[in-house]
Structures are given as structure tokens and as C-alpha cells.
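Chains as they are written, first to last, in our numbering: chain P, 82 to 492; chain H, 82 to 492. In this text, a Cβ means the ideal position worked out from N, Cα and C, and glycines have one as well. See below for the structure under consideration.
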């Protein structure tokens, strides 16, 4: 008889799992900065010098002494002497003296003596010599000062940040063409079951192709981990135990998608218990799909037993595998789960006390978004293929009626 | 003097750009299915056979003839004869005859003669022989029939779908270990400017490191394209023209981040105009940051002139480059922009008639999310590094007050 020790609410179970992980000790590796897209920065990055390194104009215009423009207006312009052009990409040696103006381009170095820039549109050059200024500028107007973006030794990118295009740009602005990132945790992936065969194999009657190994590999890649798939394991304690031990020794984390039967799931739990302490933290989680989930930390390594059902395995991996990989990677960025408000097109029932995740087809119409729940027996994989979002039904809700406005999360 | 022909609203400009792209003609390539994660399926995928291929039990229990259980209850169980166990992963040859029950595991093949499965929890086996059934089951209860997931020749994954872990699972369930995907469009990336130097170079006074080439490369990778960076181009029509022509001939799309000055931007537009028809569709877009954007399609190839300012370039690339790459990839999936509702912490002003995208720091507190606008001169790159979301201010809004609830989009 299947025995779930105690069905735990998913949120509590996840908290317990994360709390039992050891302090972060990931190894680092140095890679090209452009390849670091979506990787996790290993160390705090401090500015080696200020940015910008010289005062720059933010507009096309004339570098001036701001005092020379005071009181300037359309009806009573200040008249300055045009005194040449500041070259781009070079030290500007020519000074702006009182009464002078030097033509400058956006991004160009402010000439010595200038303390502001008048926009081109607010000037008029007559006879190539007399420059009319139609508006006064204040001190440092249209100028970025040295260090206005960052000062030397500013913490500009904290360790644990997932590197986006903008961080790559930030690193490049300091010439950091190589960067240290945290190594991807190696995640061992095992599928067990007497009825499953490798995807490339032609199944015999009674057999089905294993799809969990590849879906979990893909999900691990998406989450920032490095999947290590192992061969399929028959439902037999000795073989399962040896295979799990091997993966446990070789990897930073182990996922086991159990055979579908209750006895196999219990077998998985027994095998996990032998790996180390504290061992199994949750055996059974109060969520549909995914009840027969096993969450464990064994001597510092997370080991997760996932339901054999491929749809359940995907939903559960979102809830438990992704956050664990984030923690193994030392990701510090907050996770936001943006929901989309949509009108539910059919009634959805849910047992009280149990969280439900219902796949939906989200579509947009003239009156906003609608979410069509996909009902299915046994979580057929191609029903999930049709879905593009999940409706989350909290444990204290017993159902949602057609027409209700609900929040769905994109898949 | 800089001349924007006419500032176009971003939405209209994008529509015009996409409408002028030719019909999709992307080349295909066959790759390993697991490597196809996030790639775009090239052809409609039809089911080569039904799934499942044999009737399967969805629970652990006993395969029976449903008629034998009619009227069964806790107080008056049906009594059937325990007649062995259906092996997992093999053809089940033993038939269920009237009055018989065969033990079956989740996912196992339903024995011939059986038409339903009674859950283990609703039975009791006495003396290893007599099986009490406490609840009646109806025809096909707890069974998935042949083809209940998909039938032969069902369209199971449409061309243009971005491949997620679940699609990889679906393909594997048919043994499709290789798959045809659309080739990534090659996107040429050029940065021009007399003041910019390669990131690995030590800038001299007046020079700054080029960061647009790498931020745009990263953004192109994120969007599914294949970036091809070119060397930095000085601000000179002849050199720019030659470099752009080379990239145009070698790539499927060209991005040019112009030198920051107005004259250079006009130079870029002049160079683009020579490449083909219809040529420049928008020169200047009514959005901040990013006004000096040039959108063009030249003899079927998109060419986009981006602002030299790195922050503007990133915002504009989100608005225009990503959708173009999606179209070049023939992506058919709907785009949903889930917003997060947050309380704005400071007033934000905006000119009427102009769309604004304001970087914000989104954080969560006990009373929900808050969005802190980042104010900056000239779009300093490290200010955008601090941001994790963008506040979109529509063109007809002149500002948003502190305390207002706003929708922000995650960066």
C-alpha cells in the first residue's frame, strides 16, 4: 500500500528543502564576457575607474562658460565668438575662454574652461563667427561629469546577479572581456521503470519511450544547470540503489523520475534515505499534479524524486528543481512571477486543502485575455504541449467558475 | 542641423517595419532534439502513430470487467478472484474473464478482457485469493485508451512553435531524436563613432569603449538570432558605406549603432537609403529613450539604425529588433507582455504625445510590489544595470504621480 508520510503544502516543503541546503560553495570559472549571458556573476564587480573618465557633452551644441549665457533669450540673445570644433575621440586641448564657444558633438570631451553646453537648436551662427545663444544654460547643463555614472570602487554589479545584455555592456565599459561566473551545477537525471525504453528505441507492446530524461534535461538547462542523463533503470532496488549512488557521487544534485507505481515510488524513497542526512524532508506534497514527490537533502546534496508522469514531473520541477538550482548557483536576484489576468472559459474544480496547477490556453481577444482550461486524464503530454500558461488554484479554494477573472502564469 | 523626417509613434513604426518584411523564407537545419530547446520548429509535426499505443492503467489497482463491480459498496463488496499480476513493459497475454481481477500498476498495459481498473485503495485481498471491491467502476474508468492523447496524423506541434521542454518531451514520445528547426538569422552588428574603441583597448582621453556591439550581440542571441559583430567604423561616409554594404551582403539583417551626433545619424540614414527599396520607413520614433531610430527594409532585408547611447539602443532593440528576429524565424507563438502591478515611489513626468520607457527598480514588500524610478542624465549604462523592470508611459499620458499603481514589465 502506498504510504505518504504526510502530504506537505508545496510552499512549506520548498522552504524546508531550501533551508536544508548547505551554504553556497560553488566553484567558479572564467569565461568570455559575451558567453556569460544568463550565467551568474561569481564575485562583486567594483569599478576600476570612474565612468565617464572625462566630462562629456550629452547633446550636439556649443561648449561655453555658463556665466556667458546668463540672461540670454530669443529676444535678447548672448553673442559669443565661435572658436572652432572639439574633435571626437581626442583630448581637447583648446580652452574655452570668456566670450568663446566651441562646437561639440554628443559624447565629445568638454574643452577645458567650458562648464556647460548650449544645444545646437538654441543657437544661430552668423557669418561663421558670431554665435547667438537664445537660452541661458546653468552650470554643468548638458554635461556628464567624471564619475557621474560610477565612481572608482563603486560596487557596480553584485555577485549572484544573472548576467543580462546590460551587464555585459557594463563589464565591457571597463574592458572586462573575461568574467568569473559560478559553475553550472551538474544535475544527474535518472528515470526508472520496467516499461520505459530509450527514445531512440522502438517500443514493444507494453513499453513506452522515456521522455522524462529529456524534458528534465531541458528544464535543467533552462534553469542554469548542466544536465547529466543516466541510462534507464529497471524497477529493482539493487539496480536503482547502485545507479542513484553513482549519480549522487558524480553530480551536485540528483533527479529521479520514479516508475509510476506506488511501490516503485516507495522504493525510490528507500534508496534516497540511505544516501545521507537529513535525508527525506517530504514524501508526498499536497499539489495536483505531483503528489508523489520526494524532496531530500543528503549530506548537503539535493535529491528530488519526481513523479513518473511527464506532466507532473514538469510542474513539480518548476516548483522545486528551479529554485534549488538557483540556490546552488548562488543567484541573488528576486524572482517575480508576473501573472496575466484572464477570463476563465470553463468551471475548474479543486479539492479543498490541495493546491492545483491547471494548464490553460491563454489567448487575447478584443475584450482582453481568456484562459481555456485543458482537462485531461493522467496528464497526457500533448495536452500540456497545447498549453501556454498555468492557472494556480490556492489550497483554500475549492474551484473557480467560468467567467471569473483569474491570474495565470506563463509557461 | 538634424532633421527627423517625421517622428512616428513606436507601434505604427513597428507595424510598418514588419509589414515590409518579405514572406518567410528561412532555411532549415536538422539538429538533436535536446539542442532544439528555444529554437523554432520548421515544419508541422504530425503524430506518426497514436499515443498511447496500448490501453494503460492510470492507477495502481486491479484490472476488471466493470460489469463485475456494479453495485459494489463498503457494506456489500463485490468479490472477484485474484488472477495474477500484469507485468510492466510487456504484452499482457492473460485475459481477464468474468469474475476475475488482475493486479496492474500505473502505466501498465490493460489485460485483454478488462475494461476498467479499480484503485488499490478500494480493494482488499483476502488469503491471496479473494478480492473484495468496495466501489463500482464504470467502463474505461482509470484507463487511457489507445489514441486518447493523440491519434495518428494529428497535428501535434505546429511549425513556428518555440520549442520548450514539453515539446522536447512530445517529440521524444515518438522517438523523434532529431528535429528540423529554422536557421537562426545572421544579424550583422556595426558600431560607428570616432570616439569609440574596442572593449579590450585602453581608451585614450576623449575615447570610450564600445559596448553596443556586445550588448546588441547578447540581445540578438536572446532573441534567437546569430550575431555577427563587425569592427568599429569611424564617422566617415565612405568607410561607413562600405562596411554597411559588406554586412548587408553577408547577413540576414543589419543593426547599426550610429555615432551619437546628429550628423552621424543622418549619415547612417543616407547610407541605408542606398541599400535597396523601400529603404527608410521611419527616421525618428516618438519614444524616449530612442528618438533617433532609423527603421528600414532594403530589398527584403531589415536594416535598423539604433541610437549610439547604449541604454537607448537596448530599449529600442527590445521594441524593434526582437520582433523582427521573431518574424525572420517564423515564430508563430503569441507574445504576452505580463505586467506586474506596483506602487510608484516617485513622480515621473512625460511629454504629451511621446511614449516613455522609464527604468525602475521593482521590489516586493509586505504591501505588494513597489517600483522606484531611476532618473538619469543621458542614460548611463550602470543606471540601467540597477533596473529590473521598465515602466511604460503611453503617449497620451503626461506623467504619473508617486503612489499611483502602475504596470511595469520585467527587463
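Rounded Cβ spacing between residue 189 of chain H and residue 153 of chain H (contact assumed at less than 8 Å): 22 Å between Cβ atoms; not a contact.
Buried or exposed by the 16-neighbour rule on C-beta atoms within 10 Å, applied to residue 263 of chain H: buried
Residue closest to residue 217 of chain H, alpha-carbon to alpha-carbon, out of H:484, H:88, H:160: H:160
Cut-off 6 Å between Cβ atoms - residues of its own chain near residue 396 of chain P, not counting five sequence neighbours on either side: 370, 371, 438
Where residue 329 of chain P falls: helix, strand or coil (DSSP): helix
Touching by the beta-carbon criterion (3+ pairs, under 8 Å), the stretch 236 to 253 of chain H and the stretch 407 to 425 of chain H: yes
Proximity test, Cβ basis, 8 Å: residue 289 of chain H and chain P: yes
Cβ-based neighbour list, residue 198 of chain H, same chain, cut-off 8 Å, excluding 5 preceding and 5 following: 138, 139, 140, 142, 143, 144, 145, 185, 191, 218, 222, 223, 224
Per-residue burial, residue 364 of chain H [other beta carbons within 10 Å of its own, 16 or more giving buried]: buried
Beta-carbon contacts of residue 509 of chain P that lie in its chain and below 7 Å, excluding the five residues immediately before and after: With chain P running from 82 to 492 in the structure shown, residue 509 of chain P is simply not present.
Unbroken stretches of the alpha helix (DSSP H), 4 residues or longer, contained in the stretch 251 to 329 of chain P: 293 to 304
Beta-carbon proximity list for residue 251 of chain P, same chain, < 7 Å, skipping 5 on both sides: 237, 238
Simplified DSSP assignment, three categories, for residue 99 of chain P: helix
Assigned secondary structure, residue 464 of chain P (DSSP; H/G/I helix, E/B strand, else coil): helix
8 Å Cβ cutoff, residue 487 of chain P in contact with chain H: no
Outcome for residue 481 of chain H when other beta-carbon atoms lying within 10 angstroms are tallied against a minimum of 16: buried
Which listed residue (H:248, H:271, H:467) has its alpha carbon closest to that of residue 299 of chain P: H:248
Cβ-Cβ distance between residue 98 of chain H and residue 376 of chain H below 8 Å: yes
Nearest-angstrom Cα separation, counted from residue 210 of chain P out to residue 82 of chain H: Note on residue 82 of chain H: pLDDT 35, under 50, position unreliable in the model; the coordinate value appears next. Approximately 17 Å, taken between the alpha carbons.
Whole runs of the alpha helix (DSSP H) within the stretch 377 to 420 of chain P, excluding any shorter than 4 residues: 391 to 397, 403 to 409
Contact with chain H by residue 203 of chain P, beta-carbon distance below 8 Å: no
Under 8 Å (Cβ pairs) to chain H, residues found in the stretch 307 to 334 of chain P: 316
Rounded separation between residue 406 of chain P and residue 391 of chain P - CA only: 20 Å
Terminal residues of the alpha helix (DSSP H) in which residue 455 of chain P lies: Residue 455 of chain P -> no alpha helix (DSSP H), and no H or E assigned at all.
CB of residue 394 of chain P within 8 Å of CB of residue 334 of chain P, strictly: no
Helix, strand or coil at residue 117 of chain P [DSSP, three-state]: helix
Local conformation of residue 184 of chain H per DSSP, three classes: strand
Within-8 Å CB hit, residue 403 of chain H to chain P: no
Beta-carbon proximity list for residue 111 of chain H, same chain, < 6 Å, skipping 5 on both sides: 259, 261
Distance between residue 308 of chain P and residue 399 of chain P (C-alpha atoms, nearest Å): 15 Å
Nearest neighbour of residue 466 of chain P, chosen from H:386, H:230, H:170 [CA to CA]: H:230
Stretch-stretch touch, CB-based, cutoff 8 Å, three pairs: the stretch 116 to 125 of chain H with the stretch 272 to 286 of chain H: no
Helix, strand or coil at residue 246 of chain H according to DSSP, with G and I counted as helix: helix
Exposure of residue 428 of chain H, with buried meaning 16 or more beta-carbon neighbours within 10 Å: exposed
Contact check, residue 115 of chain H vs residue 295 of chain P, beta carbons under 8 Å: yes
Chain H contact for residue 219 of chain P (CB, 8 Å cutoff): no
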